[in-house]
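A short write-up of the structure that comes next.
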Amino acid sequence: MSATPQDDKNLPDFGAALSEPSAGQMLRRRVFGHTGLVIGGTILLIIALMALLAPLIAPHDPYAHNLANRLVPPIWHDWFYDDPRATWTHIFGTDHQGRDYLSRIIYGARISLLIGFSAAIISGVIGCTLGLVAGYYGGRVDMVVNFIITTRLAMPVILVALAVVALMGSSLTIVVLVLGFLLWDQFAVVMRTLAMQMREFDFVTSAQALGCSPRYIIMREILPNVLNALLVVMTIEMANAILLEAALSFLGLGVQPPLPSWGLMLSQAKDEIFFDPWMITIPGLALLMLVLAINLIGDGLRDVTSPEGRS
Amino acid sequence: MLRFLFRRLVMAAAVAVAVSLITFTLTNFASDPAIAMAGDTASAAEIQQIREREGFDRPLVVQYADWLSSAVVGDFGYSYRMRVPVSDLILSRIPVTMMLGGAALTFAIVLAIPMGVLAALRPNSWIDRTALGVAVLGQAMPTFWFALMMMVVFSVFLGWLPASGARSWQHFIMPAIALGYYATPAFMRLTRAGMLEVMRSDYIRTARAKGLRPHVVLFHHGLRNAIIPIVSLAAVQFGFMLGGSVVIETLFSMPGLGFLAWESISRADLPVIQAIVLVIAVFYVLLNLMADLANAYLDPRIRIG
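Laid out in structure tokens, this is it:
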């Protein structure tokens, strides 16, 4: 009786080493081999850590004003313009109320990330439900959902968001809710298309033949197969929500002072544009980096998860 | 073709009605029109008087029907704050916004299409990478921040361009670039992808094999076919720009529809807000309808199918 490889636990498993890398290894190789994804991931990780550890790393209290210390320029004004007011105490300087700019930027990351995540999740739930149901059922249901999507697209997002926030009173919660209820269109469009394709696949028709409920098929058969696309749309809408919050706050109708939202900081910096233009560069760059990172991750995820979609 | 047109028209009208219903309901639930009309200093008796005089105490459905039937013929009522007909206000502000949107769209297309074509002709070359960089940056940059930075450079430091108003063509340069740049990546990606696909197709090989000159192949056979999806995108983007003009027009104090929207929102001037949302939605729907027709004209397969 000859021993099969499975019987002999002492022998090293040569077969595994020679065979193809596992799915996990392949994925890891593709993820870490994708420059955009690595850069985006690193930036997002840094910003997320900054937001999480804000109380530990912020050099000052972001709300502490000191009117004697208003509009201190950032440290590089010491290097380039020999400005004696620029010191290491306030690396990014202080704002019009003497609050430390760096600390406000660090705390501002919390607001942007919070709004981006929450709005993307709310809109994801709405958009996926509409899109999957429309794509799966087709026919009349699809026509109704299509109409809802077109109606939503016809409404100018910024305008409607501004109006609702202005009339209902602005707060962080309202901004999140309004953006969540407005930004679901892409989820719905993408999920609808995918569900329409999936409906024709054998595993769906066999589940139908087995008598599974539509709810079960949508949740258990279709949804797991569209998660990749869902993640990609999620990054797009997160970036969108962050930019929109900044725009709303910039117009004075988003997050309210004294919260350190980057958009709000830009709106306050706008008043100093003629004398202290550096004030608008810093929060803008922070926004740019965050949105850039999220977009790079979204593009990267699309490349990694669908090799055929790579250009 | 007629059936196609008819169905699209019905859909467009239905969408406009749905938008008006949502806008009307939202504004009426989010605020009390009598209080908005009376202002902050009014007494309870005054508010009650306005409520009865303007019919705000009637059921919402009746008020909506009333409002919609006048809106259909272009009567949006009077502005609470400026005491003039809303339609006059809107008509006086439309030209600036149309000019801004047109300039922004032109900027986006003039920048994006040549770059997209060049990037597609030489994939992975330096020009492809530059185009990618321009696109990635355009998508990540907050429009209003880009505008602010241009203001700092061209108005504050160099003093070349005016920072507010809409009196001359120079006033439109920075706002149009800021608004247009955000739309550039979408055009560039679509052009690049379209050209890549078209240039691989059989009829391009045939055209080349016939010995046609390269630019004839590129423009007449290639770009003409790659451009079809661009038409729809241009319509969608122009619609988005009308909405996006709120931020840019407010920032540059340009007397357009967007600035009017912001003014009305900050003063709770409900009739003007409702009218502007509806006007932009109707524009969006009509633009899409026109894009569908243009596509049907450019690509016979759409009209028949």
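As they're listed, the protein sequences go chains A and B.
What the first sequence shows, in the numbering used here, is residues 45 to 355, in sequence order.
What the second sequence shows, in the numbering used here, is residues 3 to 307, in sequence order.
Backbone N, C-alpha and C fix where the C-beta goes; we use that ideal spot for every residue, glycine too.
Quick caveat: nothing in here was measured; it's all calculated off a predicted structure.
Quick check: is the beta carbon of T194 of chain A nearer than 8 Å to any beta carbon in chain B?
yes
Taking I286 of chain A as the reference, which of B:S89, B:P144, B:A277, B:V274 has the closest Cα?
B:P144
Please report how far the alpha carbon of M240 of chain A lies from the alpha carbon of V188 of chain A, in whole angstroms.
15 Å
Counting only beta-carbon separations shorter than 8 Å, does M323 of chain A have a partner in chain B?
no
Using CA coordinates, which residue listed in A:V234, A:S257, A:T79 is at the minimum distance from G179 of chain A?
A:V234
If the cut is a Cβ gap below 7 Å, which residues of chain A does S33 of chain B touch?
L211
Chain A contact residues for S268 of chain B, given Cβ-Cβ distances below 7 Å
A210
Whole angstroms is fine: what's the gap from L181 of chain B's alpha carbon to I90 of chain A's?
30 Å
Determine whether the Cβ of R354 of chain A lies closer than 8 Å to any Cβ atom of chain B.
Legend: pLDDT at R354 of chain A = 45, less than 50; position of this residue unreliable, value from coordinates given subsequently. Not an interface residue.
Can you give the beta carbon distance from M201 of chain B to A122 of chain B, rounded, assuming they're within the 8 Å contact cut?
7 Å
Check whether the Cβ of I170 of chain A lies closer than 8 Å to any Cβ atom in chain B.
no
Which stretch, first to last residue, makes up the alpha helix (DSSP H) that contains I232 of chain B?
230 to 253
Straight-line Cα distance separating F318 of chain A from Y184 of chain B:
25 Å
P257 of chain B versus H173 of chain B - alpha carbon distance
11 Å
Rounding to the nearest angstrom, what Cα-Cα distance links T193 of chain B and A291 of chain A in this structure?
29 Å
What residue range is occupied by the uninterrupted alpha helix (DSSP H) comprising K212 of chain B?
Counting along the chain, K212 of chain B falls outside any alpha helix (DSSP H), and DSSP gives it neither H nor E.
C-alpha distance - A153 of chain A paired with A95 of chain A, whole-angstrom precision:
5 Å
What are the residues that DSSP puts in a beta bridge with T138 of chain A?
A:D144
Give the DSSP-derived three-state secondary structure of P99 of chain A in the structure shown.
helix
In chain A, which residues lie less than 7 Å from A20 of chain B when you measure between Cβ atoms?
T195
Given that Q141 of chain B touches chain A, what residues does it touch there, using C-beta distances under 7 Å?
N339
For A98 of chain A versus I159 of chain A, is the C-beta spacing smaller than 8 Å?
no
Would L235 of chain B and I282 of chain B qualify as a contact pair, given that the criterion is a beta-carbon distance under 8 Å?
no
Would you mind telling me which residues of chain B sit closer than 8 Å to I317 of chain A, beta carbon to beta carbon, in chain order?
L150, M153, V154, V158
Can you tell me where the alpha helix (DSSP H) holding G277 of chain B begins and where it ends?
Rather than Gly, the amino acid found at residue 277 of chain B in this sequence is Ala. Unbroken alpha helix (DSSP H) run through A277 of chain B: 272 to 300.
Where do the ends of the alpha helix (DSSP H) carrying I37 of chain B lie?
35 to 40
Pick helix, strand or coil for P87 of chain B, following the three-state DSSP scheme.
strand
Can you tell me whether M70 of chain A is buried or exposed, with buried defined as 16 or more other CB within 10 angstroms of its CB?
exposed
Over what stretch of residues does the alpha helix (DSSP H) that includes L274 of chain A continue unbroken?
271 to 294
Mind listing the chain A neighbours of F146 of chain B? Cutoff is C-beta to C-beta under 7 Å, in chain order.
A291, F294
Taking only the alpha-carbon atoms, compute the straight-line gap between A163 of chain A and P35 of chain B and give it to the nearest angstrom.
29 Å
Got a sec, what are the start and stop residues for the alpha helix (DSSP H) M151 of chain B sits in?
145 to 152
Could you tell me whether the Cβ atoms of A178 of chain B and F109 of chain B are closer together than 8 Å?
yes
Rounded to the nearest angstrom, what separates L203 of chain A and L113 of chain B at their Cα positions?
27 Å
Decide if H222 of chain B is buried, meaning its Cβ has at least 16 other Cβ atoms within 10 Å, or exposed.
exposed
Paired residues, beta bridge with Y181 of chain A - DSSP:
In DSSP, Y181 of chain A forms no bridge with anything.
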